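Participant: Dropping a structure here in structure tokens format, bear with me for questions.
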Amino acid sequence: MDGEAVARRFGLGRPVAPAVRVEGGLSNELWRLTTADRIFAVKRMVINADRPDFVDNVEAAYAVERRAWAAGVPMPEPIPVPDTGRALAEVGQSLYRVHRWVDGEPGRATANEAATLLADIHAVGERRPGTAEPGWTADRYGADLVELTRRVESGPTLIVDSHCDLDRKNTLRSADGTLFALDWDAAGPTGAVQEAAGLALDWAGGDKAVFAGALRAYSVRSGLTIPNEPWIFAGWVAAQGGWLDYHATRPEPESRDQVRRTLAQLRALAASLDDLLGAR
């Protein structure tokens, strides 16, 4: 990465040291850039960056992110391109975006804390009535997953602009104890209760009591009632199904591992769905 060129394009000040690559990014490269003004997190966009809809999708997500930042949601400050106000700028042959750097420990939070942060994000997102559809067909994966998609078919719900990917890798505990939401590239409209149920499921790690507690924490913070019905899992099933379909078409060994893990997660939900609902 050409740190000086990126600093000029985003108006970050003069770099005082070469940019340093930070390990851990799954889809994109992350760099730490220190200038005379401040330290910045610079992301070089890699996966799907050549798709025709990529820039529009990121900029739509950025609009959600900027509203959340302005409303005080704990997150690294997004830095717009000075002359456009947009998230992305092309430097050389690559697209980049920038945030203020925040020191902290990734993923160090409880499920209840994550659910509370999600409720705060939902509180400032634009809301409208709608229907969140699963949007996934499981025919190729067996009768048990076909039945799961049937059971979680969604009905009317509250749609809210949200983070849409608040898993452990996208949270950070800062030095003062604040829990930050990172990586808003997937932000956009989603079913509020479906996202809450999906977060509780991911963060619980199979523990029914933790799952139920996270949903209670979300409800207390948000004021929303989460029905004790299978359709609350519609968003999670759709997301996992889309991830499964993506990796099922790829030849890499890593994708075969992802297929096995994702199938196991979906089948675990199919087997435990009633127990999870009963735990509440």
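Using the numbering used here, read the sequence shown as starting at 9 and increasing by one per residue.
Where a beta carbon is used, it is the ideal one built from N, C-alpha and C, also for glycine.
The structure presented is a predicted model; accordingly, all values stated were derived computationally and were not measured.
Can you tell me where the alpha helix (DSSP H) holding F188 begins and where it ends?
Facilitator: That residue, F188, is in no alpha helix (DSSP H); its beta strand (DSSP E) goes L187 to A189.
Participant: Can you tell me whether DSSP reads W244 as helix, strand or coil?
Facilitator: Correct three-state label for W244: helix.
Participant: Reducing DSSP to helix, strand and coil, say where S35 ends up.
Facilitator: Reduced to three states, the DSSP call for S35 is coil.
Participant: Using the C-alpha atoms, what's the distance from G214 back to T157?
Facilitator: Between T157 and G214, the C-alpha separation is close to 20 Å.
Participant: Beta carbon of F18, beta carbon of I129: below 8 Å?
Facilitator: The answer is no: Cβ separation not under 8 Å.
Participant: Could you check the C-alpha separation between A15 and V28 for me, to the nearest Å?
Facilitator: Each residue's Cα considered, the two are about 14 Å apart.
Participant: Is the distance from the Cβ of W251 to the Cβ of A205 below 8 Å?
Facilitator: No, they are not a contact pair.
Participant: By the 10 Å Cβ neighbour count, where 16 or more other Cβ atoms means buried, how is I240 classified, buried or exposed?
Facilitator: It counts as buried.
Participant: Is there contact here, the region 162–175 with the region 95–113, by at least three beta-carbon pairs under 8 Å?
Facilitator: They do not touch, by the three-pair rule.
Participant: Do A287 and A225 count as a contact pair if the criterion is CB distance below 8 Å?
Facilitator: No; because the gap between Cβ atoms is not below 8 Å, this pair is not in contact.
Participant: Give a yes or no on whether the C-beta atoms belonging to R75 and V132 are separated by under 8 Å.
Facilitator: For R75 and V132, yes; Cβs fall inside 8 Å.
Participant: So within the region 178–237, which uninterrupted alpha helix (DSSP H) runs reach at least 4 residues, ignoring any that extend past its ends?
Facilitator: The region 178–237 contains these whole alpha helix (DSSP H) runs: 200–212 and 216–230.
Participant: Rounded to whole angstroms, what's the CA-CA distance from R269 to P238? Just pull it up for me.
Facilitator: Using only the alpha carbons, I get a separation of about 22 Å.
Participant: Quick one, are the C-beta atoms of L126 and L207 less than 8 Å apart?
Facilitator: It is a contact, given that the beta carbons lie within the stated cut-off.
Participant: Any idea what DSSP makes of G249, helix, strand or coil?
Facilitator: The answer is helix: DSSP assigns G249 an H, G or I state.
Participant: With which residues is G138 paired in a DSSP beta bridge?
Facilitator: According to DSSP, which records beta bridges pairwise, G138 is partnered with T165.
Participant: Would you mind working out which of R52, P84, A57 and L153 sits nearest R105, comparing C-alpha positions?
Facilitator: Per the Cα distances, R52.
Participant: How about E67 and A95: do their beta carbons lie closer than 8 Å?
Facilitator: In this structure, A95 lies closer than 8 Å to E67 by Cβ.
Participant: Counting along the chain, where does the alpha helix (DSSP H) carrying A49 start and finish?
Facilitator: Per DSSP, A49 belongs to no alpha helix (DSSP H); it is in the beta strand (DSSP E), I47 to R52.
Participant: Tell me the residue span of the alpha helix (DSSP H) that contains A76.
Facilitator: Residues F62 to A78.
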